[in-house]
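**Student:** Quick note, the sequences are listed as chains A and B, same order. Going by numbering that gives the first Met the number 0, the first sequence wraps up at 183, each residue one higher than the last. Going by numbering that gives the first Met the number 0, the second sequence wraps up at 183, each residue one higher than the last. For every residue, glycine included, the Cβ atom is placed at its ideal position computed from N, Cα and C.
Number of protein chains: 2
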Amino acid sequence: MALTHAILALLVNCPQSGYDLTKNFEESVGCFWKATHQQIYRELAKLEAQGWVQPTTVLQEGRPDKKVYGITELGQQKLATWVAAPCDTMAIKEELLVKVFVGALVSTPVIQQQLLQHRQIHTHQLAHYRQIEAVEFQNFHALTLESKLQYLVLRRGIRYETDWIGWCDEALALLHEETEGKEK
Amino acid sequence: MALTHAILALLVNCPQSGYDLTKNFEESVGCFWKATHQQIYRELAKLEAQGWVQPTTVLQEGRPDKKVYGITELGQQKLATWVAAPCDTMAIKEELLVKVFVGALVSTPVIQQQLLQHRQIHTHQLAHYRQIEAVEFQNFHALTLESKLQYLVLRRGIRYETDWIGWCDEALALLHEETEGKEK
DNA sequence: TAGTACATGTAACAGGTTACATGATTGA
DNA sequence: TCAATCATGTAACCTGTTACATGTACTA
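1) What separation, rounded to the nearest whole angstrom, lies between the Cα atoms of Gln113(A) and Pro85(B)?
2) Mapping DSSP to helix, strand and coil, what is Gln116(A)?
3) Should the stretch 94 to 101 of chain A be called in touch with the stretch 119 to 134 of chain B, which here means at least 3 C-beta pairs below 8 Å?
4) From what residue to what residue does the alpha helix (DSSP H) around Thr71(A) run?
5) State the beta-bridge partners of Thr56(A) as determined by DSSP.
6) Quick one: what's got a C-beta closer than 7 Å to Gly156(B)'s C-beta in the same chain, skipping five residues either side?
7) Shorter than 8 Å from the beta carbon of Glu169(B) to some beta carbon of chain A?
8) Which residues in chain B sit within 8 Å of Leu104(A), going by Cβ to Cβ distance?
9) So, helix, strand or coil for Gln111(A), using DSSP?
10) Quick one, which residues of the stretch 102 to 126 of chain A are near chain B if we go by CB-CB under 7 Å, in chain order?
11) Should Leu58(B) be labelled buried (16 or more other beta-carbon atoms within 10 Å of its own) or exposed?
12) Let's test the definition: count the other Cβ atoms within 10 Å of the Cβ of His140(B) and tell me whether it reaches 16, buried, or not, exposed.
13) Does the stretch 152 to 169 of chain A come close enough to the stretch 71 to 78 of chain A that 3 or more CB-CB pairs lie under 8 Å?
14) How is the alpha helix (DSSP H) around Phe136(B) delimited, first residue to last?
15) Let's test the definition: count the other Cβ atoms within 10 Å of the Cβ of Asn23(B) and tell me whether it reaches 16, buried, or not, exposed.
16) With a threshold of 8 Å between beta carbons, is Asp162(B) in contact with chain A?
17) Over what stretch of residues does the alpha helix (DSSP H) that includes Glu42(B) continue unbroken?
18) I need the straight-line Cα distance from Arg62(B) to Gln37(B), nearest angstrom please.
19) Identify which residue in Val152(B), Thr143(B), Gln116(B), Leu144(B) has its Cα closest to the Cα of Ile131(B).
20) Please decide whether Glu94(A) counts as near chain B, where near means a Cβ-Cβ distance under 8 Å.
21) Determine the extent of the alpha helix (DSSP H) in which Glu93(B) is found, giving its start and end residues.
22) Whose C-alpha, out of Gly102(A), Asp19(A), Glu42(A), is nearest the C-alpha of Gln149(B)?
23) Does the distance from the CB of Ala44(B) to the CB of Leu2(B) come in under 8 Å?
24) Out of Thr55(A), Ala48(A), Thr178(A), which has the shortest C-alpha to C-alpha gap to Ser16(A)?
25) When burial is assigned at 16 or more other CB atoms within 10 Å of the CB, is Ser27(A) buried or exposed?
26) With 16 other CB atoms within 10 Å as the buried threshold, where does Asp87(B) fall?
27) As a quick exercise: from Val82(B), Ala133(B), Pro108(B), pick the residue whose alpha carbon is nearest that of Glu176(B).
28) By Cβ distance below 7 Å, which residues in the same chain neighbour Glu179(A) in space, the five residues on each side in sequence not counted?
29) How would you list, in chain order, the residues of chain A whose beta-carbon sits under 7 Å from the beta-carbon of Val99(B)?
30) From which residue to which residue does the alpha helix (DSSP H) around Pro8(B) run?
31) Taking Pro85(A) as the query, report the chain B residues whose CB atoms sit under 7 Å from its CB, ordered along the chain.
32) Return the first residue and the last residue of the alpha helix (DSSP H) that Asp19(A) is part of.
33) Consult DSSP for Phe100(B) and reduce its assignment to one of helix, strand or coil.
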């Protein structure tokens with residue numbers, strides 16, 4: 000299972016709690032993985048049982064205690080083995096594209112609205128990534144290899160969102176042409 | 000569940016059997032949805048029970064009989080309602096990006112090899128889409144709205160694969176620079 | 001005082017994957 | 001005769017989602 004390795008990857012980067020992992024999956028590393036807190040806590044329990052991660056209870060003032068997980072030697076070995084193994088690309092399951100595919104079933108404005116909505120979602124996401132880029136990856140040549148690799152992952156996110164916006168524009172232009180042509 | 004609607008979408012386009020649907024998910028519509036035959040047969044049984052699709056047994060010579068499913072009036076209504084409803088973007092879960100993220104854990108050539116492998120997968124996929132484009136969507140302006148919308152979906156696939164190849168090249172160039180720099 | 005952030009969990013269910021199962025025909 | 005294609009299914013298991021559950025502290 001790859002969620003296992005996504006969690007281990009974040010823990011290599013920085014030991015943290017299930018709560019922290021949840022936040023990270025929502026925010027910074029959303030460009031390569033998503034998981035809910037329930038999945039994460041379930042997975043952490045398994046990983047702990049296998050000895051791939053180790054928790055330390057951190058007492059906090061004014062806040063609930065934290066179980067901060069760190070990756071173990073064994074965990075790092077397993078992760079490294081997995082990194083070297085071949086892997087498939089993600090299966091695409093994009094509702095919007097199903098909707099466009101059967102778009103002729105509904106009126107054109109319905110599809111146009113969906114496209115505009117998605118264009119906005121991708122624009123927001125892109126702005127978010129651009130902000131991370133500006134804050135964490137300025138002065139690119141001064142970065143460590145580790146940071147450069149992480150920047151590459153963010154670059155993938157930036158390209159992805161940019162390309163979606165481009166496609167939305169392409170689709171909207173085509174639909175605009177179609178409706179214009181009919182009105183004339 | 001969106002698999003339901005992906006199946007309905009294919010049946011609107013053309014009535015077909017579970018086997019045909021499986022082929023279609025593997026080949027032509029892989030750019031927006033994936034499903035295994037087990038999922039499809041299970042889903043078709045549910046859809047039939049709900050009266051959203053209707054099977055006709057087609058006898059064939061030299062081949063097993065087919066259960067060809069068509070979408071019902073009710074099915075079309077449900078599909079149209081779903082098309083108009085708002086929807087989220089797909090959650091990205093890309094193993095390769097997890098591997099790049101923790102790439103510093105292994106030697107650089109391991110990551111370079113993964114990138115090359117993925118570059119090849121995306122190149123193949125792009126060639127496949129380009130072939131569909133050449134066969135089914137030549138003479139674009141003569142197409143019906145239905146076909147134009149389906150072409151848009153394929154365009155998304157083409158852009159996606161093209162963008163991935165671009166990113167792989169970007170990543171490989173960066174890693175090349177890094178290793179060159181160290182050797183000197 | 002109501003909502004949000006912090007922090008961790010359980011339980012039930014839905015969706016997806018893998019293995020197993022069958023059987024005809026066609027082509028190498 | 002062996003593998004591939006056509007064609008449909010069952011069963012078991014793993015993953016992912018949604019709802020429920022609890023409790024503190026801070027802020028508007």
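**Tutor:** So, from the data block:
1) 7 Å
2) helix
3) no
4) Where Thr71(A) is concerned, there is no enclosing alpha helix (DSSP H), given that its DSSP letter is neither H nor E.
5) Lys66(A)
6) Cys30, Tyr128
7) yes
8) Val11, Gln75, Leu78, Ala79, Val82
9) helix
10) Gly102, Ala103, Leu104, Val105, Val109, Gln116, His117, Ile120
11) exposed
12) exposed
13) no
14) Note, Phe136(B): premise wrong, no alpha helix (DSSP H); not H, not E.
15) buried
16) yes
17) 36 to 49
18) 21 Å
19) Val152(B)
20) yes
21) Glu93(B) -> no alpha helix (DSSP H), and no H or E assigned at all.
22) Gly102(A)
23) no
24) Thr55(A)
25) buried
26) exposed
27) Pro108(B)
28) none
29) Leu148, Leu151, Val152
30) Per the sequence shown, residue 8(B) should be read as Ala rather than Pro. Residues 1 to 12.
31) Gln116
32) 17 to 25
33) helix
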